[in-house]
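J.: Before anything else, here's the structure in question.
Chains as they are written, first to last, in my numbering: chain A, 292 to 679; chain B, 226 to 589.
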């Protein structure tokens, strides 16, 4: 064990820090779930891409830097430290990207990853359907083969970023005779295709962060099929899936939030009467640190050629509950000032950010597989309890 | 940056784990309960032959010269088997303190004692003020006792023991009655104080590693029971309510591991700057073990509340170790104080302190 960064890693950190210092926008961008905000975030993605910082783990030929996971963690640490904008294309870079790397053909990688890295194409995800939420194998949205094309009919729901995104990736039933997790295919669909209707769904903050997507005889080329026809389920559940789990929420996000929480606590300490707050602040800081250490340990193992295991299914529960605790504690520290987003208070912007974050944290235990589903997975795959 | 254990470190752990699995069964632990000493000399001797008692003693003094990091998985394994012999108190706490004392104030007495401790022939226990009582004192040959900043080496003949029953039948707790003298004092002042601080950190971290092992063992026993025990015509472990009790334990265990492993590294490379890492480890291991004790008892149902069910061998150890070497209040307070320091290095870029900025001595 050697928990000291190499000099190469240190220079990489300083390179990231310097670049961010001179490129991160001075003012906070508006939410990416608004017209202006989405375009501002798209412009930021392009800026990142011009510096080859779009996705540092990707190979150089696709606009990345061929970084390993430790360097990715360093990049993320500096990114959150600098207060850089949230990644509007996270569905693409953190979810679809690793899948394309593992299952995409060279032509598909060249076509999709390059455009993603350049910030030209933003991605929405299309897993859930009205009848297929936690029970994702109940997917009914059809992709019927017709020569070199698929004809897509049906509906997706809770599609994050679909209101403004350019493309959606998802699972579709390509074998009409199939049931459950058989006969599903992983297909990429342009959202400007004829027959696609996107209906925004306002989230708790009132903004359309997700949408329903209706497909009415939408024709897509079979070039957009990832992996084999009918292999969709295993692609979605693959090793790439575990890696997605690792990358979806980098620890730096929660370490930065915990740092802000400690700063808020220091500022408000003398006004606090609730005896549990001190304990909550300590717990939040410890947990953010534990999540970082756990990710470093996994990254280290993977870098040395190890495989990610079922223990990674614990991640999502841990960070989503941590995120709620951090924001609940901040709300308690703000007291009644949180209700009006601190209008008239000295730290108005900071308070508004806590309230936004608090609302968003409510979704953590629900999206990307509810925490109840995660607990089933842990019980069955990590602990080995019987399915039935 | 390499946050993995070496093959040698893992091999040492698996050797010990194999030994413990075959030689320290629940049935044998219950036999210890019936004995006055609660201490099996044959097991002790075998552990010494495996090199456990020699691990932290320097090679020049008859030991293996390993680091605390090299041994952290061994401590976890001892917890997993609920080993009653105080091998951890002896090998990883007392021996390490004696080694530190000897490095500063070498004497023939400390050198001879180190050789005896490394061989497992002399049983050495520590009495730090944070713990009111000492485990297995009646089996000890000598004690390292805190008196203010002083470190006293006291022979068993100079100590009156007042023995009392423990909540955990595997333990034999005593308070020590003794008189400090100039002759018994090995080290005092700032140096003494610094070594007691190190000892507290080693004790807390060794306890954390055991708690983690205890939690793992309890969960695996509950998983087995929930897979075998049938109600309503199917194993109770098929019910989500039962699954989720155990999944919650697994999450806490998974996130306690890297914290304990990092603390072991910090204690090894920067023992005077390990407070924060150690306190974090102790708190999360305690929470994981207490949750495991409670949820696993629940999974065993009425059986879990019986003397007959083996689970309480592990649960009771967890309940007592939770309070040893500083309870959660003590450790959370250390973290709280640190968080309030204006100079505390907080945030994502300081996961491993500020070493990357070129300050080789800085590990926070």
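Don't be surprised by glycine CBs; every beta carbon is placed ideally from N, CA and C.
Could you give the distance in angstroms between the alpha-carbon of residue 413/A and the alpha-carbon of residue 503/A?
T.: Roughly 17 Å separates the two Cα atoms.
J.: Classify residue 626/A as buried or exposed, calling it buried when 16 or more other Cβ atoms lie within 10 Å of its own Cβ.
T.: Label assigned to residue 626/A: exposed.
J.: At a Cβ threshold of 8 Å, is residue 561/B touching chain A?
T.: Chain A contact via Cβ: present.
J.: Given a cut-off of 8 Å on the beta-carbon distance, is the pair residue 541/A and residue 367/A in contact?
T.: Yes; because the gap between Cβ atoms is below 8 Å, this pair is in contact.
J.: Residues of chain B with CB closer than 9 Å to the CB of residue 587/A, please, in chain order.
T.: Residues of chain B passing the Cβ test: 226, 228, 483, 487, 576, 577.
J.: Give the straight-line distance between the Cα atoms of residue 384/A and residue 565/B, rounded to the nearest whole angstrom.
T.: Answer to the nearest angstrom: the Cα atoms are 37 Å apart.
J.: List, from N- to C-terminal side, the alpha helix (DSSP H) runs of 4 residues or more that fit wholly inside the stretch 371-399 of chain A.
T.: Those alpha helix (DSSP H) runs which fall completely within the stretch 371-399 of chain A and span 4+ residues are 388-394.
J.: What residue from 544/B, 308/B, 233/B has the CA that sits closest to residue 392/B's CA?
T.: Of 544/B, 308/B, 233/B, the residue nearest in Cα terms is 544/B.
J.: Can you tell me whether residue 468/B is buried or exposed, with buried defined as 16 or more other CB within 10 angstroms of its CB?
T.: Buried.
J.: Rounded to whole angstroms, what is the Cα-Cα separation between residue 503/B and residue 497/B?
T.: When rounded, the distance between both Cα atoms is 11 Å.
J.: Quick check: the Cα distance between residue 577/A and residue 612/A, rounded to an integer number of angstroms?
T.: Each residue's alpha carbon lies about 13 Å from the other.
J.: Using a Cβ cut-off of 9 Å, which residues of the stretch 264-298 of chain B contact any Cβ in chain A, in chain order?
T.: Against chain A - using a Cβ distance shorter than 9 Å - the residues of the stretch 264-298 of chain B are 294.
J.: Let me know the beta strand (DSSP E) ranges lying completely inside the stretch 608-677 of chain A, each 3 residues or longer, listed in chain order.
T.: Segments of the beta strand (DSSP E) lying fully in the stretch 608-677 of chain A: there are none.
J.: Count the CB pairs spanning the stretch 430-440 of chain B and the stretch 507-514 of chain B that are closer than 8 Å, and state whether there are at least three.
T.: Yes: at least three Cβ pairs fall under 8 Å.
J.: I'd like the list of long-range same chain contacts for residue 421/B, defined as Cβ closer than 6 Å, with 5 residues on each side in sequence excluded.
T.: The answer, listed in chain order, is 371.
J.: Residue 545/B by DSSP, collapsed to three states: which one?
T.: Reduced to three states, the DSSP call for residue 545/B is helix.
J.: Taking 7 Å as the limit between beta carbons, can you name the residues of its chain near residue 665/A, skipping five residues before and five after?
T.: Excluding sequence neighbours, residue 665/A sits near 604, 607, 608.
J.: So with Cβ pairs under 8 Å, would you call residue 479/B a contact of chain A?
T.: True, the Cβ-Cβ gap to chain A drops below 8 Å.
J.: Alpha carbons only, please: which of 649/A, 351/A, 319/A is nearest the one belonging to residue 374/A?
T.: Measuring from the Cα of residue 374/A, the nearest candidate turns out to be 319/A.
J.: In whole angstroms, what separates the C-alpha of residue 379/B from that of residue 475/B?
T.: Using only the alpha carbons, I get a separation of about 43 Å.
J.: What does residue 365/A pair with, by DSSP beta-bridge criteria?
T.: According to DSSP, residue 365/A bridges with nothing at all.
J.: Return helix, strand or coil for residue 307/B, following the three-state DSSP convention.
T.: Here residue 307/B sits in coil by DSSP.
J.: Say whether the stretch 388-408 of chain B touches the stretch 257-264 of chain B, bearing in mind that this needs 3 or more beta-carbon pairs closer than 8 Å, one atom from each stretch.
T.: With a cut-off of 8 Å, the stretch 257-264 of chain B and the stretch 388-408 of chain B count as touching, because enough Cβ pairs lie within range.
J.: Would you identify the three-state DSSP class for residue 422/B, choosing helix, strand or coil?
T.: Helix, per DSSP.
J.: Applying the 10 Å Cβ sphere with the 16-neighbour rule, what's the burial state of residue 406/B?
T.: Exposed, since its Cβ has fewer than 16 Cβ neighbours within 10 Å.
J.: Can you tell me whether residue 364/B is helix, strand or coil according to DSSP?
T.: In the structure shown, residue 364/B sits in a helix (DSSP, three-state: H, G or I).
J.: For the candidate residues 364/A, 342/A, 505/A, whose alpha-carbon lies nearest to that of residue 484/A?
T.: Minimum Cα distance to residue 484/A is reached at 505/A.
J.: May I ask you to list the residues that DSSP assigns as paired with residue 444/A?
T.: Paired residue(s): 433/A.
J.: Looking at the unbroken beta strand (DSSP E) that takes in residue 508/A, where does it start and where does it end?
T.: Unbroken beta strand (DSSP E) run through residue 508/A: 501-512.
J.: How close, in whole Å, do the beta carbons of residue 425/B and residue 551/B come, if the pair is a contact with beta carbons under 8 Å?
T.: Indeed, because the Cβ distance is near 7 Å, the residues count as touching under 8 Å.
J.: Around the Cβ of residue 351/A, are there at least 16 other Cβ atoms within 10 angstroms (buried) or fewer (exposed)?
T.: Exposed, because fewer than 16 other Cβ atoms sit within 10 Å of the Cβ of residue 351/A.
J.: From residue 575/B to residue 363/A, what distance separates their C-alpha atoms?
T.: Each residue's Cα considered, the two are about 15 Å apart.
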